[in-house]
């Protein structure tokens, strides 16, 4: 493979840089109304999720597809995350106002809140880009993911800090900082998603096989009718129930 071939490293690196710049432009423009920043972030995670999984990616088409699909559902999530970050800001203001002369417990809690909010922000919008969930289920799933994979969560926080430090050292990086952070963290997030999706699929297959075996053993009509009723009841489950069932495999 030659260095400058279409499949060569120079072309691939150039393509990734171009995609990063394009997504940065889309993210900034679509986040200007502020309330839409969640939908923009979700769209970036959607594009990079497809990249990590090795799927065909059309940056513009995929970004706006995800942006439109998740715009409404992302608004309350954005408000929730916004409240958390506002709380972090207020704690920061208190620390500055008292010139650091506050209890160690207060300082520790403030740092803990920033850490938790940072991790939750990354997971919540990545989950929204991949799964059909709403409201509280997304926050709960994000919280569980963040703490079940604590090592990778801390690595992602470290990545975010390194990118921030780099943007201070090289101010020209400032604009690409948010999207670059999402791009790098997507490798860890998608890996964790894949683990649990496989676990859920295997569990569902075992459950289906078990149900088929039970059906084969049933002889009388009453039991057949009872099974039909159970099946209809399962079909009537709400989306929220499906979300909760997924949590079993996290």
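Residue numbers (the working numbering): 7 to 256. A virtual CB, placed ideally from N, CA and C, is assigned to each residue, including glycine.
For a cut-off of 8 Å, the C-beta gap from residue 185 to residue 29 is around 5 Å, short enough to register as a contact. Note that the stretch 127 to 146 does not touch the stretch 95 to 103; fewer than 3 beta-carbon pairs, one per stretch, sit closer than 8 Å. DSSP places residue 44 inside the alpha helix (DSSP H), whose first and last residues are 43 to 58.
For residue 153, the enclosing alpha helix (DSSP H) covers residues 141 to 154.
Within the same chain, 87 come within 6 Å of residue 127 by CB-CB distance, once the 5 residues on both sides are set aside. A residue is called buried once 16 or more other Cβ atoms fall within 10 Å of its Cβ, and residue 178, having fewer, is exposed.
Between the stretch 54 to 65 and the stretch 186 to 196 there are three or more inter-stretch CB-CB distances shorter than 8 Å, so the stretches are counted as touching. Per DSSP, residue 69 is one residue of the alpha helix (DSSP H) stretching across 65 to 103.
By the neighbour-count criterion, in which a residue is buried when 16 or more other Cβ atoms sit within 10 angstroms of its Cβ, residue 23 is exposed. Taking all protein chains shown into account, residue 155 has 16 or more neighbouring C-beta atoms within 10 Å of its C-beta and is therefore buried. Secondary structure at residue 184: helix, using DSSP grouped into helix, strand and coil.
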